[in-house]
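Data first, discussion second: the structure below is written as structure tokens.
Number of protein chains: 2
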Amino acid sequence: MSSPSPRTPKPLLLRGARIVTMDAQRRILEGDVLVQGGLIQAVGPSARRPVGPSVLDCRGLVVLPGLIQAHIHLCQTLFRGLADDLPLEAWLERRIWPLEAAHTPESVYWSAMLGAAELLLGGTTAILDMETVRHTASAFEALEEIGLRATAGKCLMDAAPAVSPAALREPTDRALQESADLCERWHGAAGGRLRYCFAPRFAPSCSGPLLRAVSDLAERAGAVVHTHAAETPLELEMVKRATGHDEIAYLDSVGIAGPRAALAHCVWVSPEGVQRLAQQATNIVHCPSSNLKLGSGIAPVPEMLAAGCRVAIGADGAPCNNRLDAFAEMRLAALIQKPRLGPDALPAIEALELATLGGARALGLEREIGSIEVGKLADVIVLDLDGPHAQPAEADLVSRIVYSAQPADVRHVIVEGRVVVRDGVLRTAQLEEIRRAANAQARALIASARLR
Amino acid sequence: MSSPSPRTPKPLLLRGARIVTMDAQRRILEGDVLVQGGLIQAVGPSARRPVGPSVLDCRGLVVLPGLIQAHIHLCQTLFRGLADDLPLEAWLERRIWPLEAAHTPESVYWSAMLGAAELLLGGTTAILDMETVRHTASAFEALEEIGLRATAGKCLMDAAPAVSPAALREPTDRALQESADLCERWHGAAGGRLRYCFAPRFAPSCSGPLLRAVSDLAERAGAVVHTHAAETPLELEMVKRATGHDEIAYLDSVGIAGPRAALAHCVWVSPEGVQRLAQQATNIVHCPSSNLKLGSGIAPVPEMLAAGCRVAIGADGAPCNNRLDAFAEMRLAALIQKPRLGPDALPAIEALELATLGGARALGLEREIGSIEVGKLADVIVLDLDGPHAQPAEADLVSRIVYSAQPADVRHVIVEGRVVVRDGVLRTAQLEEIRRAANAQARALIASARLR
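These protein sequence lines map, in sequence, to chains S and L. Taking this note's numbering, the leading residue of the first sequence gets 187, the next gets one more, and so forth. Taking this note's numbering, the leading residue of the second sequence gets 187, the next gets one more, and so forth.
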């Protein structure tokens with residue numbers, strides 16, 4: 187295990203940028219961002235300059251809050267491209283379950299490293315991550331090492347074989363005990379950069395007692411509960427048959443609702459369900475690429491926002507995307523609503539809100555991250571939008587970020603004041619080592635999982 | 187005017203790649219590609235090596251036919267980000283018409299240079315391009331200079347003011363005469379790399395006599411007719427009201443049908459219309475990003491392919507996308523069909539066919555480009571898929587290209603044997619000069635167009 191990432195002792199000055207603050211007024215400022223002790227100390231033209239800060243010359247560049255993806259499965263990164271063009275049920279049964287069951291501590295570690303490297307290089311600084319049922323500590327070790335901000339949790343499955351494969355199903359008590367132990371060890375680790383979440387896979391694969399216990403444990407620990415919900419009509423039917431309830435109402439009845447809950451997908455939610463989610467202040471995590479690729483549908487995100495719901499965004503796992511690219515998700519979140527609701531639906535600024543402020547809320551960190559404001563943690567990214575694909579510079583800056591920018595435009599990435607990507611190069615791990623180890627682990631998993 | 191791009195006199199050897207041939211058997215070979223006189227002379231493990239070829243070391247890289255986008259408006263590249271989140275009619279009337287009317291020869295030239303630079307750097311080697319009504323020669327000059335393969339045409343509009351703004355409308359005879367003159371000058375220029383197309387904007391903005399004359403001129407010149415069709419229900423209604431016909435049937439009645447015609451969009455085509463397009467062997471150009479961003483809808487591409495239609499792909503103009511990225515279009519073409527038809531709809535290989543073989547057919551160049559086969563023109567691209575976002579390498583190669591790859595993965599780009607991008611750097615023009623000039627021209631256009 188590596189040492190926890192230290193807060194940068196030396197101040198850091200991002201000099202001369204255009205700063206998309208995402209503050210309450212959505213101000214775009216010209217000037218500097220001063221970082222000290224991992225915190226943003228000053229923003230704007232008159233940033234006080236301490237003696238001898240480390241300086242990042244950001245003239246001609248754009249500074250943005252680090253992007254946040256609130257639904258990721260790092261443990262699936264090694265499965266990318268191994269499960270294309272399949273419906274959700276076959277995708278799970280024929281590919282994802284056997285591959286997750288084959289995971290070892292080493293494969294979980296390198297799967298997390300591979301995914302986290304892609305995320306950081308592409309400007310994502312924080313994630314909400316659902317791991318598999320085993321070896322979650324290995325994912326945390328990778329996250330500690332590579333410097334991504336992450337709230338991650340062991341996946342929980344204790345229900346009937348039809349929806350919880352034998353190779354992954356656990357007794358309720360053991361699943362809960364291991365979760366509690368992981369929470370004890372990792373919630374608040376790495377100086378607070380790592381946090382634990384309780385992560386029941388989805389309602390059909392979990393017993394009622396497990397879900398209720400999870401809700402209590404999360405409440406006591408001050409941790410997020412992260413699960414999937416309302417992804418397909420089949421899932422809704424299963425929950426209805428088993429519990430007599432609509433899935434969102436059922437989750438509420440077991441205590442999984444409100445600001446501490448983050449529900450991935452929510453594609454199939456009725457207008458009443460949307461109202462309920464808004465009243466509860468439950469976090470919805472929209473995954474547009476995944477919902478298209480698995481054929482799940484299009485979540486009613488503009489209706490959710492109009493109702494006052496809290497909405498974040500995420501790439502989901504690599505095999506149902508196949509990118510972990512926050513720019514692709516923002517752009518697609520805007521585009522897919524327009525045939526249904528008109529071209530003015532979900533404009534660029536709202537897509538950027540999903541990936542910043544919305545993500546911060548889903549992680550329960552809206553006071554710490556999501557915007558560039560004095561006192562917040564210095565999770566910021568620096569974009570170079572000089573490429574031909576982002577010209578002319580006359581255009582609206584938010585439009586250029588949401589509709590034109592791409593991961594390769596990310597020049598620097600800073601997490602809590604630490605420069606983890608500089609000039610497009612990952613500084614916290616060796617990319618070539620990750621590539622080699624990840625490929626070796628992928629080969630071993632494929633052999634061991636005996637895919638059909 | 188610059189000199190025509192010469193065929194490379196010196197042979198070029200792409201050594202040691204994985205080669206996605208897109209030949210009839212869709213073979214993926216390991217080996218070399220030998221290029222002589224702009225043509226592919228050998229492909230595969232035993233490529234004969236001439237004395238002293240220029241060698242591109244492609245070990246660990248992937249060689250692919252150059253991507254083809256069969257619906258682009260280079261003249262709109264300067265309008266990127268200036269017309270977001272508006273419905274098609276307001277998008278045209280408030281932004282695109284006034285900006286196109288404000289174009290000068292210089293602004294058309296730099297708009298084309300900016301778009302072509304983005305296209306080449308992103309692996310697109312050939313386009314079908316609709317310019318505006320004036321200054322089309324300037325676009326050809328840019329294309330000649332920068333080395334992209336292009337079939338381009340002056341936009342034609344001679345109909346009633348409601349659908350042809352006064353600032354762009356021309357008398358029928360003048361429009362036709364200028365088209366014929368441009369065709370005479372540019373069709374087959376730059377050693378055949380540049381070709382002319384006749385480009386009526388869309389049926390409502392053109393008179394019947396103009397459309398019939400265009401069809402005759404194109405037939406005589408052996409040129410493509412490129413227009414928009416069935417993009418919105420409103421357009422269909424306008425054609426129905428004016429002509430009494432369904433739009434596809436109307437275009438057929440004026441001679442715009444069959445292998446020489448390329449119809450962009452075709453979102454709103456009935457099953458009978460799809461059958462008709464298949465029987466005619468008319469080229470359909472699918473523009474998934476544009477159809478989403480303008481709220482137009484989702485074209486029934488899997489149904490078209492099942493019916494035997496010829497289908498290509500394109501980014502459309504920068505203001506309705508806002509990328510000119512063939513990778514984004516391929517991925518989206520696959521993804522958007524899946525909620526409607528299931529996750530196995532339009533698998534990765536079909537998306538790649540749209541951007542290679544389908545594009546070649548739409549340009550009338552299926553014997554010359556679209557696959558890596560001996561005797562075809564050497565339009566090829568070289569990808570570096572070693573980035574974390576395209577791992578593991580165990581995955582299906584076509585999946586990695588369609589679902590994971592991005593423009594920044596393009597290492598080398600070769601058009602007719604000429605290396606126009608090497609190690610990610612454009613060699614035929616100065617990017618910094620393009621950026622500066624394009625921004626200056628954009629500022630001038632915005633001032634002159636008096637946008638509201």
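Ideal placement from N, C-alpha and C gives every residue a C-beta, glycine not left out.
**Study point:** Reduced DSSP secondary structure (H/G/I, E/B, other) of Asp315 (chain S)
**Key:** Mapped onto the first sequence, residue 315 (chain S) falls at position 129. Note: Asp315 (chain S) maps to strand in three-state DSSP.
Check your understanding: Can you list the residues of chain S that Asn625 (chain L) reaches, using a CB-CB cut of under 8 Å?
Key -> Position 439 of the second sequence, counted from the first residue, corresponds to residue 625 (chain L). By Cβ distance, chain S contributes Gln577, Pro578, Ala579 and Glu580.
Exercise for review: Show which residues of chain L have a CB atom less than 8 Å away from the CB atom of Asp270 (chain S).
Suggested key: Translated into positions along the first sequence, residue 270 (chain S) becomes position 84. Neighbours of Asp270 (chain S) on chain L, chain order: Pro533, Ala534, Asp582, Ser585 and Tyr589.
Exercise for review: Assign His546 (chain L) to one of two classes, buried (16 or more other C-beta atoms within 10 Å of its C-beta) or exposed (fewer than that).
Suggested key: For the purposes of this step, residue 546 (chain L) is taken as the residue at position 360 of the second sequence. Inspection of the sequence shows that residue 546 (chain L) is occupied by Ala rather than by His. Ala546 (chain L) should be labelled buried.
Exercise for review: List the residues of chain L that Pro529 (chain S) touches, going by C-beta distances under 7 Å, in chain order.
Suggested key: For this step, residue 529 (chain S) is matched to residue 343 along the first sequence. Chain L residues near Pro529 (chain S): Asp271, Leu272, Pro273, Lys479, Leu480 and Gly481.
Check your understanding: Nearest-angstrom Cα distance between Trp471 (chain L) and Ser240 (chain L)?
Key -> The residue labelled residue 471 (chain L) in the question sits at position 285 within the second sequence. The residue labelled residue 240 (chain L) in the question sits at position 54 within the second sequence. Looking at the sequence shown, residue 471 (chain L) is not Trp but Val. Going from the Cα of Val471 (chain L) to the Cα of Ser240 (chain L) covers about 36 Å.
Check your understanding: In chain order, which beta strand (DSSP E) runs of at least 3 residues are fully inside the region 552-587 of chain S?
Key -> 566-569
Exercise for review: Label Ser188 (chain L) either buried or exposed according to how many other C-beta atoms from any shown protein chain fall within 10 Å of its C-beta, with 16 as the threshold for buried.
Suggested key: Here residue 188 (chain L) is taken as the residue at index 2 of the second sequence, counted from 1. Note that Ser188 (chain L) has pLDDT 41, beneath the 50 cutoff, so the model's placement of it is unreliable and the number below is only indicative. Exposed, because fewer than 16 other Cβ atoms sit within 10 Å of the Cβ of Ser188 (chain L).
Practice item. Scan the region 464-477 of chain S for residues whose Cβ lies nearer than 8 Å to a Cβ of chain L and list them as they occur along the chain. Key: Ser475 and Asn477
Practice item. Could you work out which residue in L:Glu554, L:Ile587 and L:Thr614 is closest to Asp209 (chain L) when comparing CA atoms only? Key: Here residue 209 (chain L) is taken as the residue at index 23 of the second sequence, counted from 1. When only C-alpha atoms are compared, the closest one is L:Glu554.
Exercise for review: Please state whether DSSP places Ser188 (chain L) in a helix, a strand or coil.
Suggested key: In the second sequence, counting from the first residue as 1, residue 188 (chain L) sits at position 2. Legend: pLDDT at Ser188 (chain L) = 41, less than 50; position of this residue unreliable, value from coordinates given subsequently. Correct three-state label for Ser188 (chain L): coil.
**Study point:** Residue from S:Val206, S:Arg213 and S:Val219 whose Cα sits closest to the Cα of Gly561 (chain S)
**Key:** The sequence position of residue 561 (chain S) within the first sequence is 375, counting from 1. Out of S:Val206, S:Arg213 and S:Val219, S:Val219 has the C-alpha closest to the C-alpha of Gly561 (chain S).
Review point. How is the alpha helix (DSSP H) around Tyr382 (chain S) delimited, first residue to last?
Key: Here residue 382 (chain S) is taken as the residue at index 196 of the first sequence, counted from 1. Per DSSP, Tyr382 (chain S) belongs to no alpha helix (DSSP H); it is in the beta strand (DSSP E), Leu380 to Pro386.
Exercise for review: Could you tell me the boundaries of the alpha helix (DSSP H) in which Ser391 (chain S) lies?
Suggested key: Along the first sequence, one-based indexing puts residue 391 (chain S) at 205. Element bounds for Ser391 (chain S): n/a, residue is neither H nor E.
Check your understanding: How would you call Lys426 (chain S), buried or exposed, if buried means at least 16 neighbouring beta carbons within 10 angstroms?
Key -> Residue mapping note: residue 426 (chain S) aligns to position 240 of the first sequence, counting from 1. Exposed is the call here.
Check your understanding: Could you check where the beta strand (DSSP E) with Asp243 (chain S) kicks off and where it finishes?
Key -> Taking the first residue of the first sequence as 1, we reach residue 243 (chain S) at position 57. Its beta strand (DSSP E) spans residues Ser240 to Asp243.
Practice item. Verify the CB distance criterion: does Arg281 (chain S) have a CB-CB separation below 7 Å to chain L? Key: To locate residue 281 (chain S), count along the first sequence from 1; it is residue 95. False, the Cβ-Cβ gap to chain L never drops below 7 Å.
**Study point:** CB of Gln627 (chain S) within 7 Å of CB of Leu264 (chain S), strictly
**Key:** Taking the first residue of the first sequence as position 1, residue 627 (chain S) is located at position 441. Taking the first residue of the first sequence as position 1, residue 264 (chain S) is located at position 78. Yes, they are a contact pair.
Check your understanding: Can you give the Cα-Cα distance for Glu370 (chain S) and Leu403 (chain S), rounded to whole angstroms?
Key -> As a first step, residue 370 (chain S) is located in the first sequence; it is residue number 184 there, counting from the start. As a first step, residue 403 (chain S) is located in the first sequence; it is residue number 217 there, counting from the start. Approximately 11 Å between the Cα atoms of the pair.
Review point. Pick from S:Gln577, S:Val206 and S:Ala623: whose alpha carbon is nearest that of Leu300 (chain L)?
Key: Reading the second sequence from its first residue, position 114 is the one you call residue 300 (chain L). Checking every option, the nearest Cα to that of Leu300 (chain L) belongs to S:Gln577.
Exercise for review: Quick one: measure Cβ to Cβ for Val599 (chain S) and Gly267 (chain S), integer angstroms, because I've assumed they're closer than 8 Å.
Suggested key: Here the question's residue 599 (chain S) lines up with position 413 in the first sequence. Here the question's residue 267 (chain S) lines up with position 81 in the first sequence. Incorrect: roughly 25 Å between the Cβ atoms, too far for contact.
Exercise for review: Would you tell me roughly how many angstroms separate the C-alpha atoms of Leu242 (chain S) and Gly444 (chain S), rounded to the nearest one?
Suggested key: Here residue 242 (chain S) refers to the residue found at position 56 of the first sequence. Here residue 444 (chain S) refers to the residue found at position 258 of the first sequence. Distance between the alpha carbons of Leu242 (chain S) and Gly444 (chain S): 40 Å.
Check your understanding: Would you call the region 473-485 of chain L and the region 520-527 of chain S touching, i.e. three or more CB-CB distances under 8 Å?
Key -> yes
Check your understanding: Is Ala548 (chain S) closer than 7 Å to Leu532 (chain S) when the C-beta atoms are compared?
Key -> Here the question's residue 532 (chain S) lines up with position 346 in the first sequence. Here the question's residue 548 (chain S) lines up with position 362 in the first sequence. Result no, Cβ atoms of Leu532 (chain S) and Ala548 (chain S) do not sit closer than 7 Å.
Point to revise | Under 7 Å between C-beta atoms of Ala534 (chain S) and Val584 (chain S) | key: Along the first sequence, one-based indexing puts residue 534 (chain S) at 348. Along the first sequence, one-based indexing puts residue 584 (chain S) at 398. Contact flag set, yes.
Exercise for review: Consult DSSP for Val400 (chain S) and reduce its assignment to one of helix, strand or coil.
Suggested key: The residue labelled residue 400 (chain S) in the question sits at position 214 within the first sequence. Residue state, collapsed to three classes: helix.
Point to revise | Proximal residues, the region 591-616 of chain L versus chain S, C-beta separation under 8 Å | key: Gln592, Pro593 and Ala594
Practice item. Find the residues of chain S that neighbour Ile620 (chain L), judging by a C-beta separation of less than 8 Å, and give them in chain order. Key: Within the second sequence, residue 620 (chain L) is the residue found at index 434, counting from 1. The answer, in chain order, is Pro574.
Practice item. Measure from the alpha carbon of Arg462 (chain S) to the alpha carbon of each residue in S:Leu540, S:Gly494 and S:Ile620, then state which is nearest. Key: For the purposes of this step, residue 462 (chain S) is taken as the residue at position 276 of the first sequence. The candidate whose alpha carbon is nearest that of Arg462 (chain S) is S:Gly494.
Review point. What three-state label does DSSP hand Leu220 (chain L) in the structure shown?
Key: In the second sequence, residue 220 (chain L) corresponds to position 34, counting from 1. Reduced to three states, the DSSP call for Leu220 (chain L) is strand.
Review point. Any beta-carbon of chain L closer than 7 Å to the one on Arg213 (chain S)?
Key: The residue given as residue 213 (chain S) occupies position 27 in the first sequence. Not one chain L Cβ lies under 7 Å of Arg213 (chain S).
**Study point:** Pairwise C-alpha distance: Ser439 (chain S) and His431 (chain S)
**Key:** Walking along the first sequence from the start, residue 431 (chain S) turns up at place 245. Walking along the first sequence from the start, residue 439 (chain S) turns up at place 253. Looking at the two C-alpha atoms, the distance is approximately 9 Å.
Practice item. Report yes if the CB atom of Pro251 (chain S) is closer than 7 Å to the CB atom of Ile558 (chain S), and no otherwise. Key: As a working mapping, residue 251 (chain S) is identified with position 65 in the first sequence. As a working mapping, residue 558 (chain S) is identified with position 372 in the first sequence. Yes, Cβ-Cβ distance for Pro251 (chain S) and Ile558 (chain S) is below 7 Å.
Practice item. Go through its chain and collect everything with a Cβ distance to Val568 (chain L)'s Cβ below 6 Å, but skip five positions before and after it. Key: Counting from 1 along the second sequence, the entry for residue 568 (chain L) is found at position 382. Cβ within range, chain order: Cys244, Leu247, Val249, Arg597 and His598.
Check your understanding: Does DSSP put Leu510 (chain S) in a helix, a strand or coil?
Key -> Residue mapping note: residue 510 (chain S) aligns to position 324 of the first sequence, counting from 1. Coil.
Review point. Can you tell me whether DSSP reads Ala369 (chain L) as helix, strand or coil?
Key: As a working mapping, residue 369 (chain L) is identified with position 183 in the second sequence. Note that residue 369 (chain L) corresponds to Cys in the displayed sequence, not to Ala. Three-state result, Cys369 (chain L): helix.
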